[in-house]
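Be aware that the sequence shown starts at 3, since it is given in the numbering used here, and climbs by one per residue.
Structure first, commentary second.
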Amino acid sequence: VQPVDTELGTKTRIHQSSCNFDYTCIEGDCPSFIRVKTRAAKPRPAGAKAPAAGAVRTVRAQPPADIAEPDRPVPGPDGYGVFMAGVGGTGVVTVSQVLATAALLDGLDILGLDQTGLSQKGGPVVSHLRFFAGEASGANLIGAGDADCYLGLDLLVAADPKNLAKADPERTLAVTSTSKLPTGDMVAHVDETYPEIDGMLAAIDGATRASASIRLDADRMADALLGTAMPANVLALGAAYQAGGIPVSAASIEEAIKLNGVAVAANIAAFRWGRVYVREGADGLVSLAGVAPAATSPEAPAAVPGLGLDSVPVKAKATARALLQESGLAPVPGEGAAALAEMVERRAADLADYQSAALASEYVDFVDAASAREREVMGERTELAEAVARYLHKLIAYKDEYEVARLHLRPGLHEAMRDAVGDYAGYRILLHPPALRALGLKRKISLGPLQRPALAVLKAMRRLRGTPLDLFGYAKVRRVERQLVADYRALMEAELNALTPGTYERAVRLAQLPDVIRGYEDVKLAGVERFHEQVRAIRSPDTRPVALTSKPG
Numbered sequence: 003v004q005p006v007d008t009e010l011g012t013k014t015r016i017h018q019s020s021c022n023f024d025y026t027c028i029e030g031d032c033p034s035f036i037r038v039k040t041r042a043a044k045p046r047p048a049g050a051k052a053p054a055a056g057a058v059r060t061v062r063a064q065p066p067a068d069i070a071e072p073d074r075p076v077p078g079p080d081g082y083g084v085f086m087a088g089v090g091g092t093g094v095v096t097v098s099q100v101l102a103t104a105a106l107l108d109g110l111d112i113l114g115l116d117q118t119g120l121s122q123k124g125g126p127v128v129s130h131l132r133f134f135a136g137e138a139s140g141a142n143l144i145g146a147g148d149a150d151c152y153l154g155l156d157l158l159v160a161a162d163p164k165n166l167a168k169a170d171p172e173r174t175l176a177v178t179s180t181s182k183l184p185t186g187d188m189v190a191h192v193d194e195t196y197p198e199i200d201g202m203l204a205a206i207d208g209a210t211r212a213s214a215s216i217r218l219d220a221d222r223m224a225d226a227l228l229g230t231a232m233p234a235n236v237l238a239l240g241a242a243y244q245a246g247g248i249p250v251s252a253a254s255i256e257e258a259i260k261l262n263g264v265a266v267a268a269n270i271a272a273f274r275w276g277r278v279y280v281r282e283g284a285d286g287l288v289s290l291a292g293v294a295p296a297a298t299s300p301e302a303p304a305a306v307p308g309l310g311l312d313s314v315p316v317k318a319k320a321t322a323r324a325l326l327q328e329s330g331l332a333p334v335p336g337e338g339a340a341a342l343a344e345m346v347e348r349r350a351a352d353l354a355d356y357q358s359a360a361l362a363s364e365y366v367d368f369v370d371a372a373s374a375r376e377r378e379v380m381g382e383r384t385e386l387a388e389a390v391a392r393y394l395h396k397l398i399a400y401k402d403e404y405e406v407a408r409l410h411l412r413p414g415l416h417e418a419m420r421d422a423v424g425d426y427a428g429y430r431i432l433l434h435p436p437a438l439r440a441l442g443l444k445r446k447i448s449l450g451p452l453q454r455p456a457l458a459v460l461k462a463m464r465r466l467r468g469t470p471l472d473l474f475g476y477a478k479v480r481r482v483e484r485q486l487v488a489d490y491r492a493l494m495e496a497e498l499n500a501l502t503p504g505t506y507e508r509a510v511r512l513a514q515l516p517d518v519i520r521g522y523e524d525v526k527l528a529g530v531e532r533f534h535e536q537v538r539a540i541r542s543p544d545t546r547p548v549a550l551t552s553k554p555g
């Protein structure tokens with residue numbers, strides 16, 4: 003699993019490219035996910051012509067084969083140093099071996115060392131390569147300031163001062179992947195956030211030739227272009243080659259990839275797309291490959307095609323737009339106010355489809371009141387209203403049985419599955435609802451396409467949510483979820499009524515506290531406990547108390 007930033011905050015997803023397919027997730031506590039059956043590759047008929055070397059049949063776009071050659075560096079008497087910094091399990095050592103093989107094919111001598119230490123999958127790995135036109139001499143490690151090309155395959159490892167000591171501001175070309183590869187702590191603890199990217203890039207720029215540096219989101223680009231992030235490091239290698247940082251020929255690199263014999267077509271395509279990115283720029287790559295511009299933009303939040311807030315029906319969007327126009331949010335001038343209005347409109351549309359226009363109206367009215375009070379006290383600042391808009395929506399739109407049915411029936415679901423695994427043969431929805439668990443069912447139930455009408459009926463029953471006829475709502479976790487919305491509103495009303503410039507930062511922190519509430523069932527209830535503990539810790543003893551009754555105990 004891997005944390006990923008989305009419009010609705012940090013979520014957890016199964017990273018398809020690095021999944022080890024042991025299927026232990028099926029036995030886990032997650033109450034709802036989809037198992038997709040992929041189509042087996044068809045055997046080539048007898049006598050049929052084999053695909054050309056380097057041809058890619060499963061990627062979204064074929065890279066051009068004829069790319070203008072860069073000016074390649076020539077190793078001097080002291081050699082030419084390439085230093086690679088990445089993490090285990092992503093192919094750092096493989097890239098090092100490919101370059102070493104390519105050097106031998108080009109008649110160069112080579113010294114190298116892979117430092118993996120105790121790292122396994124996800125741990126830091128660095129590789130040293132020194133290329134010589136004549137006989138190799140000296141150590142196989144790159145010394146301080148001796149790296150001619152600094153290939154940052156993982157941003158955290160590349161920004162490590164110990165590794166940056168290999169670079170020199172007058173000498174070293176840096177090619178850096180900006181992909182956010184989470185550490186083990188980030189996977190296990192979603193409140194562990196990824197360090198500020200700008201700060202790490204600034205550190206790399208300060209140690210290398212900043213004016214010549216190349217940056218690319220190699221994981222995102224590889225996934226968009228090739229359907230998998232596994233060749234991301236080879237794509238970054240292609241960028242380094244085209245930037246003039248690699249002293250061996252493209253032909254020898256591609257031949258070395260063939261000799262390696264693993265995912266040959268995809269790796270050659272990745273190498274070429276990396277070259278195209280440097281040669282043509284992001285816009286040129288988007289035009290040639292026909293992928294979305296977000297494929298080359300590390301700033302764009304992760305999105306799943308056909309899903310997310312964009313998948314809300316037109317009617318719900320129209321309802322939200324009308325509610326916003328009637329509120330005090332739409333006409334407020336200023337860039338921050340415009341961003342707030344858009345955030346509220348998108349979430350109100352989701353709530354209109356989640357349950358009803360009335361629920362969306364209650365949401366808009368509350369955020370509108372919070373925004374008005376914030377403007378009264380703090381002028382144009384919008385942090386508090388944005389936090390209220392984000393986290394009130396999070397608490398209202400809890401994933402109960404009706405919501406799971408709605409999400410599984412979204413029109414973009416099949417597009418999302420095709421985007422993840424290509425053409426597929428079938429799928430099963432695996433569910434373990436609390437109501438069935440309470441009745442003693444210890445395993446997930448499996449639903450296929452023929453059960454979609456049952457999901458449609460369940461979705462239509464969402465109007466019963468929170469009423470005496472809501473049979474699912476009697477479960478403990480559902481009662482806590484409903485009360486949590488009321489508690490949050492009461493907490494925010496108390497903070498807004500007492501708001502002053504001196505209490506503003508505290509109010510923002512309290513508004514953001516629902517971020518600690520994540521997951522399902524016992525995990526979620528534990529998050530609610532943390533929420534209450536942190537409310538008590540942040541609010542001073544002399545603050546007027548607020549009765550919060552959503553405690554799961």
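Where a beta carbon is used, it is the ideal one built from N, C-alpha and C, also for glycine.
Keep in mind that this is a model prediction, so the values were computed, not measured.
*Under three-state DSSP, which class holds Asp116?*
Three-state DSSP puts Asp116 in a strand.
*Is it true that the stretch 450-459 meets the stretch 468-482, where meeting means three or more beta-carbon pairs spaced less than 8 Å apart?*
At 8 Å Cβ cutoff, the stretches do not touch.
*Report the residue from Leu331, Ala389, Ala399 whose alpha carbon sits nearest the alpha carbon of Asp367.*
Closest in alpha carbon position to Asp367, among Leu331, Ala389, Ala399, is Leu331.
*Would you call the stretch 88-107 and the stretch 244-261 touching, i.e. three or more CB-CB distances under 8 Å?*
Verdict: yes, contact present.
*Alpha carbon to alpha carbon, what distance is there between Thr210 and Gly154?*
Rounded to the nearest angstrom, the two C-alpha atoms are 12 Å apart.
*asked:* If you reduce the DSSP assignment to three classes, tell me which class Tyr563 lands in.
replied: Nothing can be reported for residue 563: it is not among the residues displayed for the chain, which extend from 3 to 555.
*With distances taken from CA atoms, which of Phe474, Arg464, Cys32 is nearest Asp355?*
The shortest C-alpha separation from Asp355 is found at Arg464.
*Alpha carbon to alpha carbon, how far is Glu347 from Val314?*
About 12 Å.
*Just mark Thr26 as buried or exposed, buried being the case when its beta carbon has 16 or more other beta carbons within 10 Å.*
In the assembly as shown, Thr26 is an exposed residue. Its beta-carbon has fewer than 16 other beta-carbons within 10 Å.
_Helix, strand or coil, according to DSSP, for Ile248 in the structure here?_
DSSP, read as helix, strand or coil, puts Ile248 in coil.
_Residue range of the unbroken alpha helix (DSSP H) whose run includes Gly276_ = Following the DSSP letters along the chain, one finds Gly276 inside the alpha helix (DSSP H) bounded by residues 266-291.
*Rounded to whole angstroms, what's the CA-CA distance from Arg59 to Tyr82? Just pull it up for me.*
Caution is warranted here: a pLDDT of 38 is assigned to Arg59, below 50, making its placement in the model unreliable, and no coordinate value can be reported.
_Residue from Arg412, Ile519, Val288 with nearest C-alpha to Asp534_ = A quick correction: the sequence has His, not Asp, at residue 534. Here the closest residue by C-alpha is Ile519.
*Between which two residues does the alpha helix (DSSP H) containing Phe35 stretch?*
Under the DSSP assignment, Phe35 falls outside any alpha helix (DSSP H), being part of the beta strand (DSSP E) whose first and last residues are 34-40.
_Within 7 Å, strictly: CB atoms of Ala265 and Ala238_ = Judged by beta-carbon spacing, Ala238 lies beyond the 7 Å limit of Ala265, meaning their Cβ atoms are not closer than that value.
*asked:* For Ala87 and Glu378, what's the separation of their Cα atoms in angstroms?
replied: Each residue's Cα considered, the two are about 51 Å apart.
_Integer Cβ distance of Phe85 from Lys164, believed to fall under 8 Å_ = Wrong, their Cβ atoms sit about 12 Å apart, outside the cutoff.
_Contacts around Ala70, its chain only, beta-carbon distance under 7 Å, and the 5 residues preceding and following it disregarded_ = Closer than 7 Å at Cβ, skipping near neighbours: Arg281.
*What's the gap between the Cα of Ala268 and the Cα of Leu228?*
Whole-angstrom Cα-Cα distance: 7 Å.
*Which runs of the beta strand (DSSP E), 3 residues or longer, sit entirely within the stretch 372-399?*
The stretch 372-399 is shown to contain no whole beta strand (DSSP E) run of 3 or more residues.
*Thinking C-alpha only, which one of Glu172, Leu175, Glu198 is nearest Lys182?*
Ranking the options by Cα distance to Lys182, first place goes to Glu198.
*Between His434 and Thr8, what straight-line distance do the alpha-carbon atoms span, to the nearest angstrom?*
If I take the Cα positions, the gap works out to 25 Å.
*Are the CB atoms of Asn235 and Gly93 nearer to each other than 7 Å?*
In this structure, Gly93 lies closer than 7 Å to Asn235 by Cβ.
*Distance, Ser329 Cα to Pro184 Cα*: Their backbone Cα atoms lie some 40 Å apart in a straight line.
*In its own chain, which residues sit with a C-beta less than 8 Å from the C-beta of Gln117, not counting the 5 before and 5 after it?*
Correct list, in chain order: Val127, Val128, Ser129, His130.
_Strictly by DSSP, which residues pair up with Phe133?_
Tyr82, Ile112, per the DSSP bridge assignment.
*What number of angstroms, rounded off, separates the C-alpha of Ala55 from the C-alpha of Val177?*
For Ala55, the predicted model reports a pLDDT of 36, less than 50, meaning its position is unreliable; a value from the coordinates is still stated below. C-alpha separation (whole angstroms): 28 Å.
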